[in-house]
Amino acid sequence: MTDAKEAERQTLQDRLDAAKTQRERHMNAASSHNGTRKPFRFLLNRSAATAPNVYLMLYPRPSLSKLLKAKPSLNQAVWQALNQIPVAALVGEGRVYGGGLYKIEPKELGNAPAEGVVAVLGAGGDGRGRQRLLFQ
330 MTDAKEAERQ TLQDRLDAAK TQRERHMNAA SSHNGTRKPF RFLLNRSAAT
380 APNVYLMLYP RPSLSKLLKA KPSLNQAVWQ ALNQIPVAAL VGEGRVYGGG
430 LYKIEPKELG NAPAEGVVAV LGAGGDGRGR QRLLFQ
C-alpha cells in the first residue's frame, strides 16, 4: 500500500473512531446509574410532539385516557409517580450494554413496580404489573 493510501485509510479510521467515541459519549450521557443522572426518566409530552424511536412511548389505554381527560391534574400526578419508581427497580428489569448504556423494553417496564401510579389513580392493589392495564 502506498503512503498516500495508507494515510487516507488512517484518516478514515480516525474519523470512524472519533464518531464512535462521540456516539458513545452521547448515548451514555444520561446513563449514569451510580452517578448523579438517572439512566431512565419519564417525560410528560404536553405538546403531543412526535418522539423519535429512541424513546419508549407510553399511551394511556382508553379507560385511563378518559379519566385523565376528566381530571387533567392527574397527568402531572401520574408523571411524578412514574418518576418515583426506584432506579434500582428499573435497572433490575432492564439491561445494561457495554459502556454503561441502559435500556428497558416495554415488557420489562411492565414488570416494574407501579404502586405509586396505582395509588395516584386510586386503583388499589400492589401495582406490580398493573401498569400494563393502564398503558399501551
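Numbered according to the working numbering, the sequence shown spans residues 330 to 465. Cβ atoms here follow ideal geometry from the backbone N, Cα and C, with glycine treated the same way.
Extent of the continuous beta strand (DSSP E) run through residue i
i	result
Lys367	Per DSSP, Lys367 belongs to no beta strand (DSSP E) and is neither H nor E.
Residue i (DSSP reduced to helix, strand or coil)
i	result
Lys432	strand
Glu335	helix
Pro389	strand
Arg424	strand
Lys400	coil
Gln342	helix
Endpoints, alpha helix (DSSP H) assigned at residue i
i	result
Val446	Glu444 to Leu450
is_contact[residue i, chain C] using C-beta, thresh 9 Å
i	result
Val383	Note that chain C does not occur in the displayed structure, where there is just one protein chain.
Nearest-angstrom Cα separation, counted from residue j out to residue i
i	j	result
Gly331	Glu337	The sequence given here has Thr at residue 331, not Gly. Taking the straight line from one Cα to the other gives about 10 Å.
Gly451	Leu341	58 Å
Val447	Pro391	16 Å
Within 8 Å, do at least three Cβ pairs link the stretch 374-384 to the stretch 418-435?
Verdict: no, contact absent.
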